[in-house]
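In UniProt numbering, the protein residues as written are 1 to 652.
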């Protein structure tokens, strides 16, 4: 590893494993800028713009000189004029591709992102790699800002995991001084307060533990206007009751007691949860239980089809109960807590969604001034539950929620708001690049702050965006990333979308129709069993129709299984249906439905319908119709526009 402090933990070794030692600041800047890119090519023009505020004459030549010096440092044994293997030249730029384990920051990130708490010695070692702030030599460089913030957040998470590991190993007294300094430096991180109070309790300082929890409450309420989260509230109740759950469990030697009665093996988790639920019901009040129930529903919704359906059934009851208590702030928290990531732009239960929107609107009107986070969550809820509408108000709500979230610097709230903006991004055709950008931001935000479901959402959105633009290599990468996260964190519904993309990919790459149709028919049971009727209704029949339409194959007899898409399918069989045809709804399949209208209009020679379809599809000229869904396609829109232009010119 390098010994220069310019990059803090972002240090790297050369191809032979020896540290890179560069003296010049511009050489270090080039190294840092290429490391930030994480193996992606950085064009020379971008390097020039990033290295100089006002690039001097000959800046491009200077960059090439810096890169040559850097290449000599990182690949000292490279044969002259031989292509680089670590610092490579591609197209009009450069990429630095170190071997795994040779960049401290990347190794640090792997340790912090481990699903289980890493061994204490490993955390101590990783935190020891820090030699000052990340990118300390470039405090004002915009290109370093995002990575600097991400690494700083990872370091705080590592410190919290280090404290957790100490507590798990019975070293509470050792953890107290560091945690005391931690909450002083980072007073808004509730996990720090929780760990400090728990460490104090385990060292026999029950009074000090309660004082810390009350200090945290006073700080959060007094300066932020928010109550402590569920974890801090539960800990305070447990400390007051001297709950045995707070004691360090060291294994069988602990002796007999309630914990020993919990059966081993697969029943252990169920037993622990049942006992925890019983204890919680004894001490928690109605309001606390109501808020906790919504948090449980949110977690339940991502566990699979059964959990999603159950959460949807109980959500309206929770909202109604909150409204009946007559407390707008409580109602706002209950309504806004259900920030389940949503990747489909058609509601599963439109009637329920309308009821949630109405409750959110009433709560917005009654909410006192100053509750900015609660207001943003209500606005995001309105936008998410109003997907597929032509009303501009939900779109305005999404943008306002995003603005508030950015101002509050709340990662979870921003992820919710960005999901709302995404769901309201189909108000016209051709917006796949905009949605792709939302997905990109969500991935970065989620990776920095450990928001797993938001990271999955970001990857699925990017599958849609890249597929719409015909970039299957990019879509493949994001589908693989989403699938890996889904498997790692037991999110089975992710597989519905990745399998759907696999069928779409077969179609887009020109596989034989029989193979594509087989893939969609195999997908049908997964869709039907996913608990998402807004997604499954009519989708596979529409996909199979697309396979035939774009290849000019016989359509067969008209069926009635197209669900909500039937209105825009019928004109293929009966051209009279083109008359008074409404616009397709503003969702992810709008381009696909307009493409069907164009196909029917061309077959009928209906000039008015052709003009209408052409106007609607023109903004999406670079896209594949329907591929923005990540699930099906009607072909390249540019080719269909050309067909429309020829037909219209022939008639003029």
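C-beta atoms are modelled at their ideal positions from N, C-alpha and C, and glycine is treated no differently. Being a predicted model, the structure only gives us computed values, none of them experimental.
Problem - Sheet register partners of residue 93 (DSSP bridge) - result: 43 and 90
Handout entry: Alpha carbon of residue 338 to alpha carbon of residue 146, nearest angstrom
Key = 28 Å
Practice task
With a threshold of 16 other CB atoms inside 10 Å of the CB of residue 85, please say whether the residue is buried or exposed.
Solution key: exposed
Handout entry: residue 46 versus residue 53 - alpha carbon distance
Key = 12 Å
Exercise for the section: Sort 630, 621, 632 and 478 by Cα distance to residue 644 and report the nearest one. Expected result: 621
Practice task
Write down the C-beta distance between residue 239 and residue 209 rounded to the nearest angstrom, noting that I regard them as a contact closer than 8 Å.
Solution key: Confirmed, Cβ separation roughly 5 Å.
Problem - Residue of 317, 135 and 347 minimising C-alpha distance to residue 537 - result: The shortest Cα separation from residue 537 among 317, 135 and 347 belongs to 347.
Problem - Close Cβ partners of residue 172 (< 6 Å) along its chain, the five nearest in sequence each way excluded - result: 199, 202 and 203
Exercise for the section: Find out if the Cβ-Cβ distance for the pair residue 503, residue 520 is shorter than 7 Å. Expected result: yes
Practice task
With DSSP as the reference, label residue 106 as helix, strand or coil.
Solution key: helix
Problem - Reference residue 631; option with closest CA among 468, 574 and 365 - result: 468
Exercise for the section: Apply the 10 Å Cβ neighbour rule to residue 383 and answer buried if 16 or more other Cβ atoms are within range, or exposed otherwise. Expected result: buried
Exercise for the section: Using three-state DSSP, classify residue 625 as helix, strand or coil. Expected result: Looking at residue 625 - three-state DSSP - the assignment turns out to be strand.
Practice task
Sort out for me which residues DSSP pairs residue 636 with in a bridge.
Solution key: Paired residue(s): 624.
Practice task
Output the boundary residues of the alpha helix (DSSP H) element that contains residue 348.
Solution key: First-last for residue 348: undefined, no H or E at that position.
Problem - For residue 223, the first and last residue of its enclosing alpha helix (DSSP H) - result: Note, residue 223: premise wrong, no alpha helix (DSSP H); not H, not E.
Exercise for the section: Go through the segment 579–620 residue by residue and report every complete run of the alpha helix (DSSP H) that reaches 4 residues or more, in order. Expected result: 590–604 and 607–617
Handout entry: For residue 643, the three-state DSSP class (helix, strand or coil)
Key = helix
Practice task
Give the straight-line distance between the Cα atoms of residue 78 and residue 376, rounded to the nearest whole angstrom.
Solution key: 55 Å
Practice task
Using only alpha-carbon positions, find the residue among 135, 131, 107 and 133 that is nearest to residue 122.
Solution key: Residue 122 has its Cα closest to that of 107, out of 135, 131, 107 and 133.
Problem - CB contact check: residue 617 to chain D, cutoff 7 Å - result: Reference to chain D is not applicable here, since this structure consists of a single protein chain.
Handout entry: Burial state of residue 449, where buried means 16 or more other Cβ atoms lie within 10 Å
Key = buried
Practice task
Compute the distance between the beta-carbons of residue 405 and residue 417, then report whether it is under 7 Å.
Solution key: The answer is yes: Cβ separation under 7 Å.
Problem - residue 502, enclosing alpha helix (DSSP H) - first and last residue - result: Residues 494–508.
Exercise for the section: Helix, strand or coil for residue 397, going by three-state DSSP, please let me know. Expected result: helix
Handout entry: residue 191 burial status per 10 Å Cβ neighbour count (16 or more: buried)
Key = buried
Exercise for the section: Look at the Cβ atom of residue 357, then the Cβ atom of residue 323, and state whether they are nearer than 7 Å. Expected result: no
Problem - Outcome for residue 142 when other beta-carbon atoms lying within 10 angstroms are tallied against a minimum of 16 - result: That one is exposed.
Problem - Residue closest to residue 685, alpha-carbon to alpha-carbon, out of 42, 221, 589 and 570 - result: With the chain covering 1 to 652 only, the question about residue 685 has no answer from this structure.
Practice task
Report the residue from 371, 374, 463 and 480 whose alpha carbon sits nearest the alpha carbon of residue 343.
Solution key: 463
Practice task
Please confirm whether residue 345 and residue 583 have their CB atoms less than 7 Å apart.
Solution key: No, they are not a contact pair.
Practice task
With DSSP collapsed to three states, give me the class of residue 344.
Solution key: coil
Practice task
Could you tell me the distance, in whole angstroms, from the CA atom of residue 409 to the CA atom of residue 400?
Solution key: 14 Å
Handout entry: Range of the contiguous alpha helix (DSSP H) that encloses residue 539
Key = 539–549
Problem - Nearest-angstrom Cα separation, counted from residue 297 out to residue 312 - result: 8 Å
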